[in-house]
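In terms of the UniProt record's numbering, the numbers along the sequence shown are unbroken and rise by one, the last being 276.
Every residue, glycine too, gets a C-beta built ideally from N, C-alpha and C.
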Amino acid sequence: MNIPQYNGTVHPDEWVKQVQTICIINNIRQERDILKLCKLNIDASINVPGECNNLNDLIKALKAHPTFSIYKDGIKRKLDQMKFEGGEGGDTTAFLAEFRSHCDKAEIDNPQEIKNRLLRTYSSNEFFKNEFSKRVTGVTSIDEIYKLYSEVISDSSKAIKYGPEFLIAIKHLVTGKYLSSREINYQTGSKRQVVFCGEKILNENCWWYLSCENQSHKDEFQKNKVLYDDVVYLTHKKTGTTLSLSDFYRSPKTSYAEDIKFFFLQYIVFNLHGLI
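In structure tokens:
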């Protein structure tokens with residue numbers, strides 16, 4: 001029977017459970033016998049009061065020893081160094097399991113401290129930083145905090161981004177038709193390329209991408225992200241032209257203002273709040 005020695009490098013609760021497990025496997029079930037084995041396997045440099053009459057008393061004595069404070073400080077340093085490196089949409093399972101284990105070992109059970117520490121693990125992601133802070137406001141359940149962390153990481157992969165490599169489709173909820181365009185021009189009015197909602201199945205006429213008028217105010221890691229209050233342009237992937245709204249011409253079919261396409265980006269289309 002190989003009983004692990006306690007030398008201050010493991011949490012007392014965890015160590016006692018390990019000893020109990022080994023004892024049960026070896027058919028040693030009396031607490032007094034398990035307690036005796038525990039005391040015999042504590043490092044000689046760690047003094048335990050003789051009045052420990054049960055396992056709970058022993059655990060309290062080990063936690064009161066200076067080695068336990070040193071142990072917790074070491075675990076907290078590990079937490080400080082933890083960074084989520086799975087990327088947007090990455091798997092948070094292993095990361096959160098390790099993070100939660102460290103918090104348990106360091107006996108960190110204050111919800112606000114856990115929120116602050118989780119926030120620092122992925123603070124370089126602006127979407128995560130804003131969304132996680134917002135969602136955990138007022139939340140006191142530690143289980144719920146971890147759940148929200150995982151959800152926000154997952155949602156960050158769905159954040160809209162700029163550029164032709166990040167395509168979007170815009171669907172009209174009532175009709176189920178997609179905003180589309182093709183190389184057909186209005187025969188009257190502006191005589192520019194038409195925009196319509198006519199496709200119910202996604203095809204090459206339905207794909208668009210976003211560009212931004214000015215991103216100079218953003219940090220480098222923000223520049224491909226669509227953020228609140230950005231002024232954006234919606235560009236048709238297939239034809240490469242940009243959506244705008246005419247104040248001068250009316251659609252011959254609906255009499256509404258023409259949705260037309262311009263090759264130039266100086267026309268501000270609409271604010272992000274009107275898009276998402």
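| said: Using CA atoms only, rank isn't needed, just tell me which of G163, D230 and T239 is closest to N185. | reply: Closest option to N185, judged by alpha-carbon separation, among G163, D230 and T239: T239.
Please classify N125 as buried or exposed, where buried requires at least 16 neighbouring CB atoms within 10 angstroms. Note on N125: 16 or more other CB atoms within 10 angstroms of its CB, so buried under the neighbour-count rule.
* Asked: Which value, in whole angstroms, describes the spacing of the CA atoms of D109 and K17?
  -> Approximately 21 Å, taken between the alpha carbons.
Q: Could you have a look at N110 and say whether DSSP puts it in helix, strand or coil?
A: In the structure shown, N110 falls within a coil segment according to DSSP collapsed to helix, strand and coil.
Item to complete: Mind checking who C212 pairs with in its DSSP beta bridge?
Response: C212 is bridged to V232.
Round the Cβ separation of K58 and L35 to the nearest angstrom and send it over; I've been treating them as touching at under 8 Å.
-> As written in the sequence, residue 58 is Leu, which differs from the Lys given in the question. The C-beta distance from L58 to L35 rounds to 6 Å, short enough to meet the 8 Å contact threshold.
What alpha helix (DSSP H) runs, 4 residues minimum, are completely inside the stretch 47–128?
You should have 55–64, 66–81, 93–105 and 111–120.
Neighbour-count burial assignment, I42, 16 or more Cβ in a 10 Å radius:
Buried: at least 16 other Cβ atoms inside 10 Å.
Looking at the strands, I want to know which residues DSSP matches up with E131. None, per the DSSP bridge assignment.
If I'm right that G163 touches N224 with Cβ under 8 Å, what's the distance once you round it to whole angstroms?
-> Taking the Cβ atoms as the reference, G163 lies roughly 6 Å from N224, within the contact range of under 8 Å.
Note to self: Given a cut-off of 8 Å on the beta-carbon distance, is the pair K63 and P12 in contact?
What the structure shows: Yes, the pair counts as a contact, with Cβ atoms nearer than the cut-off.
### K25: first and last residue of the uninterrupted alpha helix (DSSP H) it sits in
For clarity, residue 25 is Ile in the given sequence; the question names Lys instead. Start and end: P12 to I25.
Enclosing alpha helix (DSSP H) for I142 [first to last residue]
Secondary structure note for I142: its alpha helix (DSSP H) is the uninterrupted segment I142 to S156.
request  = Name the two residues that bound the continuous beta strand (DSSP E) containing E204.
outcome  = Element bounds for E204: n/a, residue is neither H nor E.
Count the other CB atoms, across all protein chains shown, that sit within 10 Å of the CB of Q193; report buried if there are 16 or more and exposed otherwise. By the 16-neighbour rule on beta-carbons within 10 angstroms, Q193 is buried.
Along the chain, where does the beta strand (DSSP E) that runs through L179 open and close?
Y178 to N185 is the extent of the beta strand (DSSP E) around L179.
Do you know offhand how far E131's Cα is from V152's? Note on geometry: alpha-carbon atoms of E131 and V152 lie some 7 Å from one another.
Out of curiosity, what's the CA-to-CA distance linking P66 and E51?
Straight-line Cα distance between these residues: approximately 19 Å.
Among the residues of its own chain, which have a CB less than 7 Å from the CB of L119, if the five just before and after it don't count? So the qualifying residues of the chain are K129, F132 and S133.
Among I145, K158 and F196, nearest to H172 - alpha-carbon criterion
Comparing C-alpha distances from H172 to each of I145, K158 and F196 shows the shortest one belongs to F196.
Only counting the same chain, and skipping five residues up and downstream in sequence, which positions put a Cβ closer than 6 Å to that of Y122?
Within the same chain, Y122 has close Cβ partners F84 and F128.
*asked:* Counting C-beta neighbours from all protein chains within 10 Å, is the total for K105 16 or more, i.e. buried, or is it exposed?
replied: Classification for K105: buried.
From which residue to which residue does the alpha helix (DSSP H) around D43 run?
No alpha helix (DSSP H) holds D43; DSSP gives it neither H nor E.
Nearest to W15 by CA position, among C38, D230, N203 and R29, is which residue?
Ranking C38, D230, N203 and R29 by Cα distance to W15 puts C38 first.
**OP:** Evaluate the contact criterion for the stretch 92–105 versus the stretch 144–151: three or more CB pairs, one atom per stretch, below 8 Å.
**Re:** The stretch 92–105 makes contact with the stretch 144–151, as at least three CB pairs between them are under 8 Å.
message = If the criterion is Cβ atoms closer than 8 Å, does the pair W207 and A169 meet it?
response = Result yes, Cβ atoms of W207 and A169 sit closer than 8 Å.
Inset, instruction - Determine the burial state of S101: buried for a count of at least 16 other Cβ atoms within 10 Å of its Cβ, exposed for fewer. - result: Classification of S101: exposed, given that the 10 Å Cβ count is below 16.
request  = Please state if the CB of Y209 and the CB of T241 are separated by a distance shorter than 8 Å.
outcome  = No; because the gap between Cβ atoms is not below 8 Å, this pair is not in contact.
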